[in-house]
Structures are given as structure tokens and as C-alpha cells.
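Student: Take this structure, written in C-alpha cells, and hold onto it; I'll ask about it next.
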Amino acid sequence: MSMITLQVNGDDRTCEPNLTMIELLEYLGLNPRLVAVEYNGEILHRQLWGNTLIQNSDRLEIVTIVGGG
Numbered sequence: 001m002s003m004i005t006l007q008v009n010g011d012d013r014t015c016e017p018n019l020t021m022i023e024l025l026e027y028l029g030l031n032p033r034l035v036a037v038e039y040n041g042e043i044l045h046r047q048l049w050g051n052t053l054i055q056n057s058d059r060l061e062i063v064t065i066v067g068g069g
């Protein structure tokens with residue numbers, strides 16, 4: 001199977017094609033409930049993650065939400 005290349009937080013990463021955003025986050029070892037995602041320069045609303053397919057050359061910025069006091 002051919003892999004695709006994308007940029008995650010400034011680093012080149014490879015993954016399988018046709019992953020949804022949720023599947024990609026899980027593939028990267030992240031909990032989708034605890035992150036915010038900028039997708040190709042735009043904030044991607046959580047309700048769209050299940051329908052958004054990752055494409056070759058996509059650019060993602062993923063921020064982990066950390067609670068504290």
C-alpha cells in the first residue's frame with residue numbers, strides 16, 4: 001500500500017491514505033478528545049473530524065489541551 005506524506009506540527013510524517021482525522025489522531029497516539037486541530041491553515045471543528053479525509057501534503061497543527069491549576 002502506498003503511503004502519503006503530510007506535515008504535523010512542522011515535521012514530515014507518513015501514514016496510510018484515506019484515514020479520517022480521528023483515525024490519524026489515534027494513529028499518532030493522541031486522544032481526539034484532548035486536542036485541537038488546525039487543518040491547512042483553518043481550525044477544523046471537531047464535528048467534521050469523522051468526515052475529513054487526510055490527503056497527501058496536508059498541513060496540520062495539533063495542540064494538546066492540558067488542564068492545570
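For the sequence shown, counting from 1, position 7 maps to 7 in our numbering; every step adds exactly one. Yeah, the Cβ is synthetic: ideal placement off N, Cα and C, and Gly gets one too. These figures come from a predicted structure and were not determined experimentally.
#1: Using a 10 Å radius around the Cβ and a threshold of 16 neighbouring Cβ atoms, would you call isoleucine 54 buried or exposed?
#2: Roughly how many angstroms lie between the CA atoms of valine 37 and threonine 52, to the nearest whole one?
#3: Quick one: which unbroken beta strand (DSSP E) runs of 3-plus residues sit fully inside the region 31 to 61? Chain order, please.
#4: Would you kindly report the start and end of the unbroken beta strand (DSSP E) that includes leucine 6?
#5: For asparagine 18, which residues of its own chain have a beta-carbon under 7 Å away from its beta-carbon, when the five flanking residues on both sides are left out?
#6: Roughly how many angstroms lie between the CA atoms of leucine 6 and aspartate 12, to the nearest whole one?
Tutor: In brief:
#1: Isoleucine 54 comes out buried.
#2: Answer to the nearest angstrom: the Cα atoms are 12 Å apart.
#3: The qualifying runs are 35 to 39.
#4: If you look at leucine 6, you'll find it in the beta strand (DSSP E) that goes 4 to 8.
#5: The residues Leu53, in chain order, have a CB closer than 7 Å to that of asparagine 18 in the same chain once the five nearest residues on each side in sequence are set aside.
#6: Using only the alpha carbons, I get a separation of about 6 Å.
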